[in-house]
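Here's the structure we're looking at; comments come further down.
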Amino acid sequence: MPEYSCSDSLPGSLFDVIIVGSGVVGCAMARRFTLEGASVLVIEKAADILDGASKANSAILHTGFDAPPPGSQEHGCLADGYREYLDIHARLNLPLLECGALVLAWSSEEADRLDGILQNARRNGVTSARILDARQVLSREPAVGDSVVAALEVAGESVIDPWSAPYAYLLQALDNGASLARNCELLGGDFDGVEWSLQTSRGQLRARQVINCAGLYGDLVNQLLIAESNFEIRPRKGQFVVFDKSARSLLNSILLPVPTEITKGIVVCPTLFGNLLVGPTAEEQQSRSDTGVEANELHALVERGGRILPALRRHTVTATYAGIRPASEHKDYQIQWYSERNYCCVGAIRSTGLSAALGIASYVYRQYQDSEHRHVPLSNCQWPRVAQVADPGPRDWQQPDNGGIVCHCELVTRREIENALSGPLAPGSLAGLKRRTRVTMGRCQGFYCSAELCELTEGCFEQPLAVAKK
Amino acid sequence: MKTSSCRVAIIGGGPSGLALAAELARGGIDDVVLLEREANAGGIPRHCGHSPFGLREFHRILSGPEYARRLASRAQRLGTRLRTAATVTEIGQQGNLTLSTVAGIESLIAEKIVICTGNRETPRAARLVSGSRPLGIVTTGALQSMVYLKHRLPFTRPLIVGSELVSFSALLTCRHAGIKPVAMIDSHARVIAWRGAALLPRLLGTRLLLNASLQAIHGEERVTEVTIRDARGDLMSLECDGVIFSGNFVSESSLVRASHLELDAASGGPRVDQYGRCSDEDYFACGNMLHPVDTAAWCWAEGAHTAAGVHASLAGRLNALQRRLQVNCGSPAIRYFMPQVIALPHPDCGTIPPAAHDSLQVRFNDNLSGRLALCDENGELSARNIRARRERRVLLPLPAYERLSRSQSLSLEFQPTQD
Chain G
1 MPEYSCSDSL PGSLFDVIIV GSGVVGCAMA RRFTLEGASV LVIEKAADIL
51 DGASKANSAI LHTGFDAPPP GSQEHGCLAD GYREYLDIHA RLNLPLLECG
101 ALVLAWSSEE ADRLDGILQN ARRNGVTSAR ILDARQVLSR EPAVGDSVVA
151 ALEVAGESVI DPWSAPYAYL LQALDNGASL ARNCELLGGD FDGVEWSLQT
201 SRGQLRARQV INCAGLYGDL VNQLLIAESN FEIRPRKGQF VVFDKSARSL
251 LNSILLPVPT EITKGIVVCP TLFGNLLVGP TAEEQQSRSD TGVEANELHA
301 LVERGGRILP ALRRHTVTAT YAGIRPASEH KDYQIQWYSE RNYCCVGAIR
351 STGLSAALGI ASYVYRQYQD SEHRHVPLSN CQWPRVAQVA DPGPRDWQQP
401 DNGGIVCHCE LVTRREIENA LSGPLAPGSL AGLKRRTRVT MGRCQGFYCS
451 AELCELTEGC FEQPLAVAKK
Chain X
471 MKTSSCRVAI IGGGPSGLAL AAELARGGID DVVLLEREAN AGGIPRHCGH
521 SPFGLREFHR ILSGPEYARR LASRAQRLGT RLRTAATVTE IGQQGNLTLS
571 TVAGIESLIA EKIVICTGNR ETPRAARLVS GSRPLGIVTT GALQSMVYLK
621 HRLPFTRPLI VGSELVSFSA LLTCRHAGIK PVAMIDSHAR VIAWRGAALL
671 PRLLGTRLLL NASLQAIHGE ERVTEVTIRD ARGDLMSLEC DGVIFSGNFV
721 SESSLVRASH LELDAASGGP RVDQYGRCSD EDYFACGNML HPVDTAAWCW
771 AEGAHTAAGV HASLAGRLNA LQRRLQVNCG SPAIRYFMPQ VIALPHPDCG
821 TIPPAAHDSL QVRFNDNLSG RLALCDENGE LSARNIRARR ERRVLLPLPA
871 YERLSRSQSL SLEFQPTQD
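Note that the protein sequences, when read in sequence, are chains G and X.
Residue 224 in the numbering used here is what sits at position 224 of the first sequence, and the numbering runs on without skipping anything.
Numbers given in the numbering used here equal positions in the second sequence, counted from 1, plus 470.
Laid out in structure tokens, this is it:
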């Protein structure tokens with residue numbers, strides 16, 4: 001049984017590895033360890049996977065051209081993660097938009113800094129990067145504001161689907177024998193020198209190794225299990241605005257600013273769903289869960305987008321959201337094995353987790369092997385193909401027997417919704433259903449489909465759309 | 471891919487599309503296909519369960535669903551082919567449409583196409599409202615389809631944002647469903663709908679707060695509270711379990727935006743001439759897509775009036791309208807106007823069919839008084855002293871073709887009255 005539903009009791013058997021957290025890193029970790037032959041259980045405190053830092057990001061697959069220098073954990077994991085995604089995405093039916101990026105310089109000071117970024121890119125093995133003058137930038141991106149001075153072109157930067165990718169990693173783990181328990185909060189744990197005994201909201205669990213992939217709660221899980229943490233999470237909120245699909249044709253590539261010490265800055269980037277995204281902001285905050293948006297910041301993002309792409313001012317906003325990045329006081333990732341305690345913490349995966357996750361998982365597994373742990377990799381592993389909801393398609397609305405379109409803005413069919421609700425890793429909330437199918441995520445935000453959805457999802461979620469019947 | 475053809479395809483089965491279909495069928499066009507993406511035709515009135523609808527069309531007071539049913543059955547009785555659950559996904563040149571149905575995609579080629587996709591309310595996200603994103607935040611449209619079509623309630627004590635006609639419709643829907651709104655707020659100093667409407671919330675025991683704006687929405691799973699800035703500028707919290715964003719209608723013109731047709735940025739709909747013809751003369755448009763938002767009765771009448779032009783166009787009789795004069799507008803007080811193009815006939819082309827629009831329809835950004843005029847290089851062609859109200863149409867009659875025939879350029883001017 002790959003997933004233990006809320007009514008199932010969890011097994012008392014001994015797992016090779018328990019992974020705490022099902023964000024993008026936890027999902028990739030589960031996949032790697034499962035494919036290498038380990039028995040894996042993933043525990044997640046929320047009702048759905050990808051419910052923390054991983055639920056909101058800019059969906060860029062980074063080459064690592066501007067990553068910290070070679071030798072850093074982040075650089076190595078980014079480069080490996082990038083490569084592995086390119087290797088496996090087609091087999092898992094995951095989309096990839098190889099649109100490239102331009103780092104735009106708007107002043108001569110910024111233009112002067114492009115050379116340093118170019119050197120960094122080459123040092124990081126991104127050899128295709130090159131500097132464009134203003135004329136070349138505008139011929140490639142005619143909608144960019146004509147006060148642009150120069151740009152660094154990075155061909156390999158791409159856009160992926162931030163939800164279906166980690167979903168597919170976990171699905172592949174489950175299809176190959178891993179287990180998942182949602183609504184399962186870690187309460188404590190003891191290591192007796194041989195195995196871990198974890199106390200959770202769903203009872204006692206046993207494992208030889210524990211891997212902390214708890215993202216925004218990584219330092220707290222460290223304290224809970226090993227009573228120390230070499231980092232402290234400093235939640236950093238990022239707000240985004242999503243522009244209408246009508247704006248998509250304004251842009252071919254990802255537009256990045258010349259970065260500062262603190263943040264990669266605000267990007268304008270296409271999405272795989274045919275929209276344009278502007279964000280994120282970078283706001284330090286105490287809360288690890290408050291993903292509220294703030295009108296002033298949203299207006300500033302709209303304004304910023306309009307300065308970068310003046311024609312954007314004629315287009316409307318479809319959605320706004322915010323995510324929280326698990327930054328810490330350190331610049332690099334904090335991935336550490338405590339081999340004498342059979343414990344690993346994958347912490348402070350600040351903003352590149354989506355790109356680096358597969359690389360992080362391999363990195364952790366290599367270190368695990370180095371401490372003499374041996375499994376036999378699966379010889380005949382399953383490669384599930386996930387349902388395609390990205391724009392290039394093919395999409396279900398083009399196929400026969402789709403049950404009809406329910407969400408007209410995003411062209412989501414009844415069959416897609418029913419499959420998501422009844423399939424493996426079924427969503428535990430409307431938000432989860434939205435991530436899996438994109439229902440209600442279009443320009444009308446549920447004006448037309450809420451009623452239908454109310455009926456279709458009845459009995460599926462702990463928090464239903466309707467509170468009463470008439 | 472399955473391919474079929476027809477003489478006229480109408481996209482959207484609301485009041486304007488259904489009226490147009492019926493009128494074309496009555497005029498003897500026997501191959502009219504109406505494409506409706508919902509399971510039933512009728513448009514927005516279909517999920518607006520209260521009265522009054524139908525006074526002008528059927529000379530009696532009907533509920534929204536009953537009105538919608540009558541419009542649809544009348545169009546069908548007269549010979550329109552009604553295809554429901556058929557979503558048009560692309561409109562192309564030479565009258566090529568792509569549609570998606572339960573059977574997958576197919577292609578439909580029509581001699582003439584009329585786009586009647588209506589309008590929708592501006593949801594929370596596009597209003598850039600602060601706060602969390604819990605369950606219980608809906609538009610009036612979503613609320614009404616939940617309540618009237620599916621008999622389900624998304625909340626029991628919501629806040630209503632807005633004071634347009636549709637906001638009062640939201641209030642009536644709440645009353646019907648036993649939902650008790652905690653307040654109705656609008657950032658303007660007076661109710662946007664007609665003044666007397668302000669009595670309705672009072673009668674129903676709902677607080678009406680004017681000059682008050684929504685500052686933030688709170689709640690993790692569901693809405694628990696909102697922050698409002700009141701008329702004095704003070705912040706106040708209001709406990710509630712939902713928010714209804716009502717009104718602030720925008721054109722539902724996604725198909726047009728993704729197509730080869732010229733768009734009018736101000737109205738959000740396609741640029742049309744006085745017949746409702748788009749920049750590609752195989753395409754027409756009518757209804758609320760062109761002028762968000764008007765009543766069902768207005769859209770119904772416009773649909774019927776658009777039929778004559780479509781009919782004439784099928785027979786090639788609009789070809790005589792060769793000269794297209796663009797109407798320009800530089801007044802910042804004017805939010806939008808339509809039609810944006812006047813097509814002028816040859817002097818000796820004989821009789822031409824009646825236009826769908828014999829006036830310019832103008833919307834203002836604010837409540838204003840002044841003189842509205844259509845001018846050419848020699849001065850005023852048509853003018854009116856008007857009192858404009860937010861969200862309400864102002865009509866300026868179009869001058870006769872003989873007067874326009876000498877004009878080189880047209881502009882719409884507004885001179886506010888100095889108080």
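No residue lacks a Cβ here, since even glycine has one placed at the ideal position from N, Cα and C.
The structure displayed is predicted, hence computed values, not measured ones.
Query	Result
Any chain G beta carbon closer than 8 Å to X:A596	yes
Uninterrupted beta strand (DSSP E) stretches inside the region 487-523 of chain X (no shorter than 3 residues)	502-505
Length at least 4, wholly inside the region 413-469 of chain G: the alpha helix (DSSP H) runs in chain order	414-422, 430-437 and 450-456
Partner residues on chain X for G:Q398, Cβ-Cβ distance less than 9 Å	T559, S570, G574 and I575
CB-CB length for X:L644 against X:I480, believed under 8 Å	Before going further, note that residue 644 of chain X is Cys rather than Leu in the sequence given. About 33 Å; that fails the 8 Å criterion.
Distance, G:E329 Cα to G:Q223 Cα	17 Å
Short Cβ contact (8 Å threshold) for X:L865 with X:S829	yes
Residue nearest to G:P149 in terms of C-alpha spacing, selected from G:A47, G:L102, G:I49 and G:R414	The sequence as given places Val at residue 149 of chain G; Pro does not occur at that position. Comparing Cα-Cα distances from G:V149 to each of G:A47, G:L102, G:I49 and G:R414, the minimum goes to G:L102.
G:L92 to G:A47 span [Cα, whole Å]	24 Å
Three-state secondary structure (DSSP) of X:E581	strand
Rounded straight-line distance, which links the Cα of G:L118 to that of X:H827	60 Å
Stretch-stretch touch, CB-based, cutoff 8 Å, three pairs: the region 425-439 of chain G with the region 296-305 of chain G	no
Own chain residues within Cβ distance below 8 Å of X:A555, not counting five before or after	E506, R507, E508, A509, T571 and V572
Reduced DSSP secondary structure (H/G/I, E/B, other) of G:G238	strand
Of the listed residues G:D8, G:N252, G:G359 and G:L41, nearest to G:S72 (C-alpha basis)	G:G359
Cross-chain neighbours of X:H621 in chain G, by beta carbon under 8 Å	K469 and K470
Any non-hydrogen atom of the ligand GDP closer than 7 Å to X:G512 Cβ	Among the components modelled here there is no ligand, and therefore nothing to report on the ligand GDP.
The region 707-725 of chain X touching the region 614-629 of chain X, judged by at least three CB pairs closer than 8 Å	yes
Delimiting residues of the alpha helix (DSSP H) encompassing X:H781	A766 to L784
C-beta contact flag for G:N252 and G:C381 at 8 Å	no
The beta strand (DSSP E) enclosing G:D133, as first and last residue numbers	R130 to D133
Same chain only: Cβ atoms within 6 Å of G:V24, ignoring 5 sequence neighbours per side	S54, P166, G353, L354 and A357
Chain X contacts made by the region 400-430 of chain G, where a contact means CB separation under 8 Å	P400, D401, N402, G403, G404, I405, H408, C409, L411 and L430
Validate contact between the region 746-760 of chain X and the region 839-849 of chain X using beta carbons, cut 8 Å, 3 pairs	no
Under 9 Å by beta carbon: chain G residues contacting X:T609	C444, Q445, G446, F447 and S450
Beta-carbon gap between G:V267 and G:L276 smaller than 8 Å	no
G:Q463 at chain X interface by Cβ criterion, 8 Å	yes
Distance between X:C518 and X:Q614 (C-alpha atoms, nearest Å)	6 Å
Any C-beta of chain G under 8 Å from that of X:L605	yes
Selection of the region 301-326 of chain G by Cβ proximity to chain X, strictly under 8 Å	V302, R314, T316, V317, T318, A319, T320 and Y321
For G:K264: DSSP bridge partner residues	G:K264 is not bridged to any residue.
Cβ separation of G:V406 and G:C449, assumed to be a contact under 8 Å, to the nearest whole Å	5 Å
Burial state of X:A735 (16 or more Cβ within 10 Å)	exposed
Proximity of G:A420 and G:L411 at Cβ, strictly below 8 Å	no
Terminal residues of the beta strand (DSSP E) in which X:H688 lies	S683 to H688
Whole-number beta carbon distance between X:I698 and X:L684, since they are thought to touch under 8 Å	6 Å
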